[in-house]
Amino acid sequence: MLLPGLASFSLIDPWEGHYGEVARRMLEEDDWVKLQWQNEPYFRSKPGLTFWLMAASMELHGVATDGGYSGEMIASPLPVWALRLPFALFGAFGIVILWYAVARLVSRRAAWLTFGVLATTPFYTLVARQAITDMPMVATAAGAIACFLLAVHAGDRELKPLWKRITGYHVFLAVLGLFLGVQLVRFGIDFAADPSLGAGVRVRWFHPAVWATAPYAIGYGAFAVLTWVVFPTRRVRDVYMYWAYFLVGVSVLAKGPPGAAMVVIACGLYVVVTGNWRLLLRIALPQGVLVLALTAVPWHMAMVLKDGRPWVSEYFGHHWFKRAAVGVHGETGTFDYFAQQLGIGLWPWIALVPAALYAALRRPTPRDREGRVWMIMGLWAIGGFAFFSMVQTKFHHYVLPAVPAFAALAGLWIDEVLRGRSPRPGLAMVLGIPAIALIARDMMSEQKQLIELFVYRYDRPWPSGAPWNVDVGGVWLAFAALGCAALAVAAWPRTRRWGLAAFGLVCIAYGHWAANGYMQAAAPHWGQRHLHETYYRDRQIHGLDIVYYGLRDLADDWSGGGRELRVRSVLPDGFREGLPMTVHIEIAGQDEAYDLAGTVSRIGDNAFWIAVPDGEVAKLADAIARGRSLPKPKRRPWSQVNADRLIAWQLNWRGENFWSSGEIWGRTKDTQTVFVNTDNKEFLAYLNRPEAKGRRFYVITEAGRADGLRNILPTERARQTVEKIDTSCNKFTLLRFEL
-19 MLLPGLASFS LIDPWEGHYG EVARRMLEED DWVKLQWQNE PYFRSKPGLT
31 FWLMAASMEL HGVATDGGYS GEMIASPLPV WALRLPFALF GAFGIVILWY
81 AVARLVSRRA AWLTFGVLAT TPFYTLVARQ AITDMPMVAT AAGAIACFLL
131 AVHAGDRELK PLWKRITGYH VFLAVLGLFL GVQLVRFGID FAADPSLGAG
181 VRVRWFHPAV WATAPYAIGY GAFAVLTWVV FPTRRVRDVY MYWAYFLVGV
231 SVLAKGPPGA AMVVIACGLY VVVTGNWRLL LRIALPQGVL VLALTAVPWH
281 MAMVLKDGRP WVSEYFGHHW FKRAAVGVHG ETGTFDYFAQ QLGIGLWPWI
331 ALVPAALYAA LRRPTPRDRE GRVWMIMGLW AIGGFAFFSM VQTKFHHYVL
381 PAVPAFAALA GLWIDEVLRG RSPRPGLAMV LGIPAIALIA RDMMSEQKQL
431 IELFVYRYDR PWPSGAPWNV DVGGVWLAFA ALGCAALAVA AWPRTRRWGL
481 AAFGLVCIAY GHWAANGYMQ AAAPHWGQRH LHETYYRDRQ IHGLDIVYYG
531 LRDLADDWSG GGRELRVRSV LPDGFREGLP MTVHIEIAGQ DEAYDLAGTV
581 SRIGDNAFWI AVPDGEVAKL ADAIARGRSL PKPKRRPWSQ VNADRLIAWQ
631 LNWRGENFWS SGEIWGRTKD TQTVFVNTDN KEFLAYLNRP EAKGRRFYVI
681 TEAGRADGLR NILPTERARQ TVEKIDTSCN KFTLLRFEL
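-19 is the number of the first residue of the sequence shown in the working numbering; add one for each residue after it.
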């Protein structure tokens, strides 16, 4: 359900493209601490885990090496697969850890039913197939709650070796050490190589590299001594709790406090409702706080060292406090805001959720393990819904941390029905029929509601009109009819098992369609991939731009006369050997530039070679002579294909940066082609440069703005030649003109 078709549809704007570009930039700059965004000096809204996952996955898949080549992001589905894979795996982890907890504490059948409901719940699976921060946060929070349950109700056993003398405690210690060690090695190398990276705050006595690493290495050693020697870990309960605290820390590193808040609410309410205050003495709280700090704090401290008070103010003050207490972006809404999103996101399982909630609430305070599982799932669901309803900033997906609990309750209730322990299940089935029908009617009339579970803006239209004419309403009608029929069969005692089996098959089929069929229909209109593919196939390549940050690198590259340069790029239609090329060279920070003439000598797979003869390289003789005696600069040279420029005009939907591999915000003035402001001053200043005359440009913009471009263009030829060349997306348009 999570992996098939994962890369079959475009990244969804703005978040997937936004986060993907931050991760690509991480590889380009070789900076795994500070998060950067193209035409802004920083990116301070999210912690680092999401971008580490993306960057590491791209690197493992051989994508975006050193930032990637021109057009690489549209050359194949591999970049999309690489970006989304870690999040789908986190989604799988969340499903499996809940299955394991329910299997240990209730029964295998209840566990498989929980597994099946959550794995086919569109809200969960659709977000798990998005490269955004939410699924790592949700899955680790769910894992922490599951580990808490296991510690409380299946943790009194003594630890036994898993292999030879290695126990689960040793495995945890190794995982924590690896997770922490990878960070500390990277931080230590970066800060030691360049102490100026620690300019965010003034540190005394020690080098910034020491502050970025030593406290956590000492903390890890202290934890190992404390739990191995001083108070040896002997019971399974303690290991489960170590994992719970670790997962809470990972959740914080994924998306800040929401996941941790969900764990505190669910587990805290459990302690309050059961009145088992002694439990607080059995959950390894001191050791757990240390584990949590070792997991979540190092990256945050590294960012304090790098960016100091401005980062602290924006990251904690704006994105943590104001989002919760005041409201920024998104919507505010009332207490019932998320009820609609749960109805859409849990459909068609939503038909069984009211009965499952009632079953959880009607139980007296239980004392057996199964009853306690019901209790914590109910507290998790209701507490999560209430908490996120009180948070002032609201996006539809903010309630996602409560979704696994609703799914688990539905699975547990079905198990109760199959065991004959649920009163009046037929009535619940009958009452579920209108719920399925009414929600299906709403989704048929507003077909964008499913994708709006995880997008930024909710006022953007579904592509129902010409020339797109996308209509999937009939699919909902069919699934609604089948779901209602299955519940009607399940309402009768003699056919209940067959009806529930049929309903499960309907939900499985619908979950698969939502994850693939629906997204393949909707995604082209919430993403820009196809427009960028058109641009890269249609543009003309003129050469290569290179920026050196010191003459030494120039001397090393160009000593020895004529040379052949290999250039990685998607090749446009009609590209061939013998075409004239220009290699434009600039020295950063100096008024020094060179143009070397060459020709295309060879063509390969997404690559070509420029042959530059001796006579042209001779233009660099003086610069080469001066550079031989100079030290190598810290920053490596930058290069970008010189082609017809792509302009992002009055567009700020983020995908334009990722799909262009950052080429719309390069390191020369000619390659900085993002013009967001609607006064068009910067846009016209760029076009009115002498070097822009006679050139061809491509423009990507919002579809509603495309018709206004003609009146803005500064020359008659531009106004006569401007044309729309890709309107396949109902929200974005690609145009072309010549000055």
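Where a beta carbon is used, it is the ideal one built from N, C-alpha and C, also for glycine.
Computed from a predicted model, the values in this text were never measured in an experiment.
A distance below 6 Å between beta-carbons, with the five flanking residues on each side excluded, links leucine 576 to the following residues of its chain, in chain order: Val563, Val592 and Glu596. Annotation: the continuous alpha helix (DSSP H) that includes glycine 239 extends over 237 to 254. Shown here, proline 381 sits in a helix according to DSSP, grouped into three states. For alanine 108, the closest alpha carbon among the candidates Ala665, Asn496 and Trp456 is that of Asn496. Every unbroken stretch of the alpha helix (DSSP H) spanning 4 or more residues and falling wholly within the region 643 to 681 is given here in chain order: 661 to 667.
Rounded to the nearest angstrom, the gap between the Cα atoms of tryptophan 618 and alanine 91 is 53 Å.
Looking at the DSSP output, methionine 561 shares a beta bridge with Gly578. The region 113 to 121 makes contact with the region 235 to 252: 3 or more CB pairs, one atom from each, lie closer than 8 Å. Isoleucine 565 and alanine 121 have their C-alpha atoms spaced approximately 51 Å apart. Glycine 363 and isoleucine 263 do not touch by the CB rule: their CB atoms are close to 18 Å apart, not below 8 Å.
DSSP, read as helix, strand or coil, puts threonine 100 in coil. One thing to note: isoleucine 416 has its Cβ within 8 Å of the Cβ of glycine 463. When DSSP assignments are scanned along the region 40 to 102, the uninterrupted stretches of alpha helix (DSSP H) that are 4 or more residues long and fall wholly within it turn out to be 52 to 55, 58 to 85 and 88 to 99. Here isoleucine 112 carries a coil assignment [DSSP, helix/strand/coil]. Taking each of Val151, Gly135, Val132 and His133 in turn and checking the Cα distance to proline 141, the smallest one comes out for Val151. Setting aside the 5 residues that flank it on each side, alanine 119 is surrounded in the same chain by Phe70, Gly71, Phe73 and Gly74, each with a C-beta closer than 7 Å to its C-beta; the list follows chain order. Just so you know, the alpha carbons of alanine 204 and alanine 3 end up roughly 33 Å apart. Nearest to alanine 502 by C-alpha distance, out of Met34, Pro441, Tyr220 and Ala605, is Pro441. Boundaries of the alpha helix (DSSP H) harbouring asparagine 691: 689 to 692, taken from the DSSP string.
Here leucine 485 carries a helix assignment [DSSP, helix/strand/coil]. Between leucine 93 and aspartate 525, the beta carbon gap of about 59 Å keeps them out of contact (Cβ cut-off 8 Å). Annotation for arginine 342: no alpha helix (DSSP H) segment contains it, and DSSP assigns it neither H nor E. Counting C-beta pairs closer than 8 Å gives fewer than three between the region 222 to 232 and the region 132 to 147, which falls short of the contact rule.
Per DSSP, reduced to three states, the secondary structure at phenylalanine 159 is helical. Residue range 188 to 205 is occupied by the alpha helix (DSSP H) that includes tyrosine 196. For tryptophan 17, the pairing in a beta bridge is given by DSSP as Glu20. Phenylalanine 677 sits buried, since 16 or more C-beta atoms from the chains shown fall within 10 Å of its C-beta.
Under DSSP, the beta-bridge partners assigned to lysine 704 are Leu715. Listed in chain order, the non-local C-beta contacts of arginine 699 below 6 Å within the same chain comprise Arg690 and Leu693, local neighbours out to five positions each way being set aside. Shown here, asparagine 622 sits in a strand according to DSSP, grouped into three states.
The beta carbons of phenylalanine 588 and tryptophan 629 sit no closer together than 8 Å. Excluding its 5 nearest sequence neighbours in each direction, proline 443 has C-beta neighbours in its own chain below 6 Å: Val450, His505 and Asn710, listed in chain order. With a cut-off of 8 Å on Cβ pairs, the region 637 to 646 is in contact with the region 44 to 57, counting three or more such pairs. For lysine 14, the CB contacts under 6 Å within the same chain, skipping 5 residues up- and downstream, are Lys286 in chain order. Leucine -9 sits close to phenylalanine 638, with the two beta carbons spaced by under 8 Å. Judged by beta-carbon spacing, serine -12 lies within the 8 Å limit of glutamine 500, meaning their Cβ atoms are closer than that value.
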